[in-house]
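Report on one structure; see the data block that follows.
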Amino acid sequence: MNAVKVGLLGLGTVGGGTATVLLRNADEIQRRVGRAIEISHVAGLGIAEQTIVDAATTKLTEDAFEVVNDPEVSIVVELIGGYTLAKDLVMKAIENGKHVVTANKALIATHGSEIFKAATEKGVSVSYEAAVAGGIPIIKAMREGLAANRIQWIAGIINGTGNFILTEMRDKGRDFDDVLKEAQELGYAEADPTFDVEGIDAAHKLTILASLAFGIELQFDQCYTEGISKITTDDVVYAQELGYSIKHLGITRKTENGIELRVHPTLIPKKRLIANVDGVMNAVLVQGDAVGPTLYYGAGAGAEPTASAVVADIIDTVRTIDAPVEYKVPMLGFQAGSMSSEPVMAIEEIETACYLRMTAMDKPGVLAEVSEVFAKHNISIEAVTQKEPAQGEDNVHLVLLTQIVKESNMSTAIKEVENFDEIIGSIARIRVEQLG
Ligand code: HSE
24 MNAVKVGLLG LGTVGGGTAT VLLRNADEIQ RRVGRAIEIS HVAGLGIAEQ
74 TIVDAATTKL TEDAFEVVND PEVSIVVELI GGYTLAKDLV MKAIENGKHV
124 VTANKALIAT HGSEIFKAAT EKGVSVSYEA AVAGGIPIIK AMREGLAANR
174 IQWIAGIING TGNFILTEMR DKGRDFDDVL KEAQELGYAE ADPTFDVEGI
224 DAAHKLTILA SLAFGIELQF DQCYTEGISK ITTDDVVYAQ ELGYSIKHLG
274 ITRKTENGIE LRVHPTLIPK KRLIANVDGV MNAVLVQGDA VGPTLYYGAG
324 AGAEPTASAV VADIIDTVRT IDAPVEYKVP MLGFQAGSMS SEPVMAIEEI
374 ETACYLRMTA MDKPGVLAEV SEVFAKHNIS IEAVTQKEPA QGEDNVHLVL
424 LTQIVKESNM STAIKEVENF DEIIGSIARI RVEQLG
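FYI, in our numbering the residues of the sequence shown are 24 to 459.
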């Protein structure tokens, strides 16, 4: 059989990794696929300087549209990121009848519905394994391996940069900005690192996982998103003392009232396997009604781990390249006409236990006042600890764990307590999940 020709858009961290893996493992891949896969056309900025592909056999260009319009190319691999140019290129590739592979979670989470519709109409596939949790084959697991199940919930550490920062802060007491800089140098962080630290990247990925789990439309704008930038070393230490780790989690759960879709720092019991997923590693815990809990673990960022997922998608695409679209696995795992309209719940409606940390004047009666507010709002306190002030300071830290409480009740109580003269500044709230 003839070789399948692939066009690469982008030769940065992931593009470079993809080309490297495709070239290095070409023989092994051909043994798996039954035909050769050739990188025939590559677009990238400063492409003349590149040293990864052989310029004698691969066309090189700075204009990505040349690749998308190249009649020889059957599969376009979009690895430039972003929502605008990437979307135009992907839509043009589809219009030209090319299959698409992308690692672009932002693109899929925000424009996926439109892209999948266009692809289905044109009879081509759009694959995006590398968009969620880097090298972990979680899309394949959700769409195929777990297809027998009603998925009940998912909780995932799905941003490698954030997990790397939290781990280094906890283990080495390193400064937030210093670790972020290292993550950027290692090629883990997004072009705009606020996407990592403010939870936007994780929200993109969770949006995709929720659609795969529950057969709902992609609804990034409904995802509650909170990052790790307000987590302090004190919180990390206090959580440890209470038997918890702080992890930045994406959580989606089917409830009687709708679908929870939320990204935020979370206290989870230290004894859970997922609590021990450190550094740039990602993990996704999926609870299915038939299978029970399953855990998927691997590198969530980096050139070759992400390339592993991109190349797997290229291989899958080649294997089914001539199959009619109705014989392929649906792009979101459910048939397009069978999507559910179950609503995504507002964050105020969800219920979780909470960790609270407040700075209080060290005076008699403060704790009683705080407890009174909580009792008024029907919030049960599970544990309270007072942390002695540092030398030369008068104020203490009060650390509370509550039982499960409705988010809106907790917010009202927090506001009331923050109004007390004896409470200094704002109260830190971190949601608590048992995940078991
Ligand atoms: N910036 C992302 C992360 C890269 O740190 O997880 C992989 O999507």
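Quick reminder that beta carbons are idealized off the backbone N, C-alpha and C, glycines included.
E283 (DSSP reduced to helix, strand or coil):
strand
Helix or strand or just coil, what does DSSP make of T107?
coil
Cut-off 6 Å between Cβ atoms - residues of its own chain near I453, not counting five sequence neighbours on either side
P288, L290 and Y378
Inspect the beta-carbon positions of V314 and L458 and report whether they are closer than 8 Å.
no
Using the DSSP secondary-structure output, state which residues sit across from L272 in a beta bridge.
H287
Beta-carbon proximity list for I404, same chain, < 8 Å, skipping 5 on both sides:
S394, F397, L423, L424, T425 and Q426
Could you check the C-alpha separation between A462 and A178 for me, to the nearest Å?
An answer regarding residue 462 cannot be provided, because it is not within the stretch 24 to 459 covered by the chain.
Local conformation of H400 per DSSP, three classes:
coil
Inspect the CB distances between the stretch 32-40 and the stretch 53-72 and report whether three or more fall short of 8 Å.
yes
Which runs of the beta strand (DSSP E) at least 3 residues long sit entirely within the stretch 142-180? Give them in chain order.
174-180
Three-state secondary structure (DSSP) at Q263?
helix
Contact belief for I450 with M381 at Cβ below 8 Å, rounded distance in angstroms:
4 Å
Using the Cβ count rule (16 or more neighbours within 10 Å means buried), how would you classify E283?
buried
Taking a contact to mean a Cβ-Cβ separation below 8 Å, would you say L294 touches W176 in this structure?
A small correction: the amino acid at residue 294 is Lys; Leu does not occupy that position in the sequence shown. No, these two residues do not count as a Cβ contact at 8 Å.
Excluding the 5 residues preceding and the 5 following Q207 in the sequence, name in chain order all residues of the same chain whose CB lies nearer than 7 Å to its CB.
P216
Excluding sequence positions up to five away, which residues of its chain have a Cβ less than 6 Å from the Cβ of E2?
Only positions 24 to 459 of the chain appear in this structure, which leaves residue 2 out of reach.
How long is the line joining the alpha carbons of T190 and G57, rounded to whole angstroms?
43 Å
Work out the CA separation of K253 and A116 for me, nearest whole Å.
41 Å
Using a threshold of 8 Å, state whether the C-beta atoms of M304 and N186 are closer than that.
yes
Proximity winner among V428, G105, A306 and K204, relative to N401 (alpha-carbon distances)
V428
Report the partner residues of G321 according to the DSSP bridge assignment.
N305
For M381, the first and last residue of its enclosing beta strand (DSSP E):
E374 to A383
Within 7 Å: the Cβ of Y151 and any heavy atom of the ligand HSE?
no
Does the Cβ of G157 lie closer than 7 Å to at least one heavy atom of the ligand HSE?
yes
K163 Cβ short of 7 Å to the ligand HSE heavy atom set:
no
So, with DSSP's three-state summary, where would you put V76?
coil
Rounded to whole angstroms, what's the CA-CA distance from K121 to E213? Just pull it up for me.
27 Å
Contact shell at 6 Å, judged by CB to any heavy atom of the ligand HSE, ordered along the chain
G157, N182, G183, T184, Y211, A212, E213, D219, D224, G323 and A324
Three-state secondary structure (DSSP) at E10?
There is no way to answer for residue 10, as the model of the chain reaches only from 24 to 459.
Member of V367, V333, V300 and T343 whose CA lies at the smallest distance from the CA of Q242
V367
Would you say the stretch 355-367 touches the stretch 431-438, given that touching needs at least three Cβ pairs under 8 Å?
no
Beta-carbon contacts of T84 that lie in its chain and below 8 Å, excluding the five residues immediately before and after:
H64, V65, A66, I70 and V90
Compute the distance between the beta-carbons of A322 and G196, then report whether it is under 8 Å.
no
Quick one: what does DSSP say T43 is sitting in, helix, strand or coil?
helix
Determine, using beta carbons only, whether H271 and I251 come nearer to each other than 8 Å.
yes
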